[in-house]
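*Asks:*
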Amino acid sequence: MNLKLKIWRQEGQNDQGRMVDYQANNVSDDMSFLEMLDVLNEELIEKGDDPIAFDHDCREGICGMCSLFINGEAHGPVKGVTTCQLHMRSFKDGETIFIEPWRAKAFPVVKDLAVNRSAFDRIIQSGGYVSVNTSGNTLDANAIAIPKPNADKAFDAATCIGCGACVATCKNASATLFLSAKVSQLALLPQGQVERKERVTKMLHQMDEEGFGACTNTGACFVQCPKGISLENIARLNSEFRNALLS
Amino acid sequence: MALTGLFLCTFLVGHLAGNLQLLISDPTHAAESFNAYAQFMTTNPLVKILSYVTYFSILFHAIDGIMLVMANRAARPQRYAHERASTSSVWASRNMGILGTAMLAFIIIHMSDFWFEMHFEMKPTFKLDNGKEVKDLYLEVVEAFHSFPYMLLYVLCMIPIGFHLYHGFQSAFRTLGLIHENLTLLVKRVGVIFSIVVPMAFAIIPLYVYHFIPSAEEIQKSESYKAKSTLIEVEND
Chain A
1 MNLKLKIWRQ
11 EGQNDQGRMV
21 DYQANNVSDD
31 MSFLEMLDVL
41 NEELIEKGDD
51 PIAFDHDCRE
61 GICGMCSLFI
71 NGEAHGPVKG
81 VTTCQLHMRS
91 FKDGETIFIE
101 PWRAKAFPVV
111 KDLAVNRSAF
121 DRIIQSGGYV
131 SVNTSGNTLD
141 ANAIAIPKPN
151 ADKAFDAATC
161 IGCGACVATC
171 KNASATLFLS
181 AKVSQLALLP
191 QGQVERKERV
201 TKMLHQMDEE
211 GFGACTNTGA
221 CFVQCPKGIS
231 LENIARLNSE
241 FRNALLS
Chain B
248 MALTGLFLCT
258 FLVGHLAGNL
268 QLLISDPTHA
278 AESFNAYAQF
288 MTTNPLVKIL
298 SYVTYFSILF
308 HAIDGIMLVM
318 ANRAARPQRY
328 AHERASTSSV
338 WASRNMGILG
348 TAMLAFIIIH
358 MSDFWFEMHF
368 EMKPTFKLDN
378 GKEVKDLYLE
388 VVEAFHSFPY
398 MLLYVLCMIP
408 IGFHLYHGFQ
418 SAFRTLGLIH
428 ENLTLLVKRV
438 GVIFSIVVPM
448 AFAIIPLYVY
458 HFIPSAEEIQ
468 KSESYKAKST
478 LIEVEND
């Protein structure tokens, strides 16, 4: 198939940036979206042009490194997958595809389609950890009994790969779904109880510091999340915060 | 936003309950009932406190809302060239600011019509069964809703309220951190019903008055109303 691509090009953080038109010919249905970009980049390099910068790593949907706002949706038109797991068979021959980086004040563009998501790391650093006894008598996590429903919910929350699709798709560029997953996975487990109250307060504060917007419950994050992180986590985050405030 | 929003939802229910008295078909009975209610609402000290809480809630909700919209817009300085927001969220949830602004404009019009008149102006009075002579708010309402553009404005203004409630009601519960799964579904359903029934019931009142209640002049001419109403002479001038 042949495709028209409109891709965001930006030299660096201080460059204004612009959409640039490209033509991708003889694209195979079986290519992943990133492979299609790889082929385009090879052509650009052969021509002596600057290849398009984009983030990627595992290419099997588990690392959270790939991003891209494709045709107006985070990770493209297919629900429940990351861009690396999106295949060209999801597009039609002759289609025009818009490819843009995540747009958020807290995710500055590094180059072209690659954005700096260190803000997520700083949110985790502010409270997304547990205290563990490391003096030699560490308790085996498997020896701590956890109710099955809690274990399941904690696991579901822990499937968040931190890709930032929630921020990218949220009209407020809010990181609340990400934050709620990180707070939930620890709040639901015995290991997370020690820092439970200060964690939610610190992480929320850090999210605001980073310049993310506030949650207005549109629910777009959950729809676009490649891991389907539930909105129930946002309710839990708010409940955790309320409890931390009132106690 | 959630706390003031939910408080304002309860206000809507109270306001609606009072206004439903306008559906009484006999104008004299309706005037007696509605004017007595209006008298109670403007003089009872508890209701007065409640009304100040309501004014405060509206102001706080509006100012907090404006600040929220501005902060959230600032969180994305560079917009997308191509965005398909409708694939992942409903229109109402993305336009609460616009809907809220429309509602605020309506509240200002609405209060200058009835609230301001009731408190500071209005000449015709109505003698209640208990002998008290009160401002005839009923006649004022009938007169207002007999103007077609006015009636239409009130009916149309219920649409943004419906959409605002459609998102706002259930959103408030999530903001307050209620996470029980069954409750979430219940809240969503109640929210949808609330957002349809309440604005519709409000909209029925101007429609009903316009179509089924005689005009203010005709009401004042009726014998039963004459006995209670004053200022007929002034109205006839």
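Chains as they are written, first to last, in this note's numbering: chain A, 1 to 247; chain B, 248 to 484. Yeah, the Cβ is synthetic: ideal placement off N, Cα and C, and Gly gets one too.
Starting from Val109(A), follow the beta strand (DSSP E) in both directions and report where the run begins and ends.
*Replies:* Unbroken beta strand (DSSP E) run through Val109(A): 109-111.
*Asks:* Flag Gly424(B) as yes if its beta-carbon sits less than 8 angstroms from any beta-carbon of chain A, otherwise no.
*Replies:* True, the Cβ-Cβ gap to chain A drops below 8 angstroms.
*Asks:* How long is the line joining the alpha carbons of Phe241(A) and Leu188(A), rounded to whole angstroms?
*Replies:* Cα-Cα distance, rounded: 14 angstroms.
*Asks:* Rounded to whole angstroms, what is the Cα-Cα separation between Thr159(A) and Ile229(A)?
*Replies:* Approximately 8 angstroms, taken between the alpha carbons.
*Asks:* Using 8 angstroms as the threshold, is the C-beta distance between Leu267(B) and Tyr455(B) below it?
*Replies:* No; because the gap between Cβ atoms is not below 8 angstroms, this pair is not in contact.
*Asks:* With a threshold of 8 angstroms, are at least 3 pairs of Cβ atoms found where one atom belongs to the stretch 362-371 of chain B and the other to the stretch 201-216 of chain A?
*Replies:* Not touching, per the Cβ criterion.
*Asks:* Based on the DSSP output, what are the partners of Arg18(A) in its beta bridges?
*Replies:* Answer is Arg9(A), bridged to Arg18(A).
*Asks:* Across which residues does DSSP place Gln268(B) in a beta bridge pair?
*Replies:* For Gln268(B), which the question treats as bridged, DSSP gives no partner whatsoever.
*Asks:* My guess is that Ala173(A) and Leu315(B) are in contact by the Cβ rule of under 8 angstroms, so how many angstroms apart are they, rounded?
*Replies:* About 13 angstroms separates the two Cβ atoms, so there is no contact after all.
*Asks:* So, Pro274(B) versus Ile443(B), is the Cβ gap smaller than 8 angstroms?
*Replies:* No.
*Asks:* What runs of the alpha helix (DSSP H), each 4 residues or longer, lie entirely inside the stretch 92-166 of chain A?
*Replies:* Counting whole runs of 4 or more residues, the stretch 92-166 of chain A contains the alpha helix (DSSP H) stretches 118-127, 148-158.
*Asks:* Spell out the partners DSSP gives Val381(B) in its beta bridges.
*Replies:* DSSP, once it has assigned bridges, lists Phe373(B) as partnering Val381(B).
*Asks:* Counting only runs of 4+ residues fully inside the stretch 277-345 of chain B, write out the alpha helix (DSSP H) ranges in chain order.
*Replies:* Within the stretch 277-345 of chain B, the complete alpha helix (DSSP H) runs of at least 4 residues are 292-321, 338-341.
*Asks:* Just tell me which of Glu390(B), Met365(B), Tyr413(B) has its CA closest to the CA of Phe287(B).
*Replies:* Among Glu390(B), Met365(B), Tyr413(B), the Cα nearest to that of Phe287(B) is on Met365(B).
*Asks:* Which value, in whole angstroms, describes the spacing of the CA atoms of Pro147(A) and Gly424(B)?
*Replies:* Distance between the alpha carbons of Pro147(A) and Gly424(B): 22 angstroms.
*Asks:* Looking at the secondary structure, which residues open and close the alpha helix (DSSP H) in which Phe212(A) lies?
*Replies:* Where Phe212(A) is concerned, there is no enclosing alpha helix (DSSP H), given that its DSSP letter is neither H nor E.
*Asks:* Sorted by chain position, which residues of the same chain lie with C-beta nearer than 7 angstroms to His262(B)'s C-beta, five sequence neighbours on each side aside?
*Replies:* Excluding positions up to five away in sequence, the list is empty.
*Asks:* Please state whether DSSP places Glu195(A) in a helix, a strand or coil.
*Replies:* Here Glu195(A) sits in coil by DSSP.
*Asks:* Are the beta-carbon atoms of Leu179(A) and Leu237(A) separated by less than 8 angstroms?
*Replies:* Cβ distance < 8 angstroms, so Leu179(A) and Leu237(A) count as in contact.
*Asks:* How many angstroms separate the CA atom of Lys374(B) from the CA atom of Ala391(B)?
*Replies:* Looking at the two C-alpha atoms, the distance is approximately 21 angstroms.
*Asks:* Return the CA-CA distance between Phe54(A) and Ser67(A), expressed in angstroms with no decimal places.
*Replies:* Roughly 8 angstroms separates the two Cα atoms.
*Asks:* Listed from N- to C-terminal order along the chain, which residues in the stretch 321-354 of chain B have their beta-carbon within a distance smaller than 8 angstroms of any beta-carbon of chain A?
*Replies:* Cβ contacts with chain A: Ala321, Ala322, Arg323, Pro324, Gln325, Arg326, Tyr327, Ala328, His329, Glu330, Arg331, Ala332, Thr334, Ser335, Ser336, Val337, Ser340, Arg341, Met343.
*Asks:* Using three-state DSSP, classify Glu43(A) as helix, strand or coil.
*Replies:* Looking at Glu43(A) - three-state DSSP - the assignment turns out to be helix.
*Asks:* Going by beta-carbon coordinates alone, are Arg249(A) and Val20(A) separated by less than 8 angstroms?
*Replies:* As displayed, chain A neither begins before 1 nor continues past 247, which places residue 249(A) out of reach and without an answer.
*Asks:* Taking 8 angstroms as the CB-CB limit, is Gln23(A) close to chain B?
*Replies:* So no, Gln23(A) is outside the interface.
*Asks:* Whose C-alpha, out of Ile234(A), Val223(A), Glu232(A), is nearest the C-alpha of Phe334(B)?
*Replies:* According to the sequence as given, residue 334(B) is Thr; it is not Phe. Closest by alpha carbon: Val223(A).
*Asks:* Whole angstroms are fine: how far does the CA of Phe353(B) sit from the CA of Val388(B)?
*Replies:* Rounded to whole angstroms, Val388(B) to Phe353(B) spans 16 angstroms at the Cα level.
*Asks:* I need the boundaries of the alpha helix (DSSP H) containing Asp464(B), first residue and last residue.
*Replies:* It should be pointed out that residue 464(B) corresponds to Glu in this sequence rather than to Asp. Element bounds for Glu464(B): 463-468.
*Asks:* Considering Cα atoms alone, identify which of Ser272(B), Thr477(B), Thr251(B) is closest to Asp383(B).
*Replies:* For Asp383(B), the nearest C-alpha among the options comes from Thr477(B).
*Asks:* Quick check on His56(A): buried or exposed, where buried means 16 or more other Cβ atoms within 10 Å of its Cβ?
*Replies:* Flag for His56(A) reads buried.
*Asks:* Please report the Cβ distance between Phe281(B) and Tyr385(B), rounded to the nearest whole angstrom; I am assuming they are in contact, meaning their Cβ atoms lie under 8 angstroms.
*Replies:* With a Cβ gap of about 5 angstroms, Phe281(B) and Tyr385(B) count as contacting.
*Asks:* Contact criterion: CB-CB distance below 8 angstroms. Does Leu293(B) meet it with respect to chain A?
*Replies:* With 8 angstroms as the cut-off, Leu293(B) does not count as an interface residue toward chain A.
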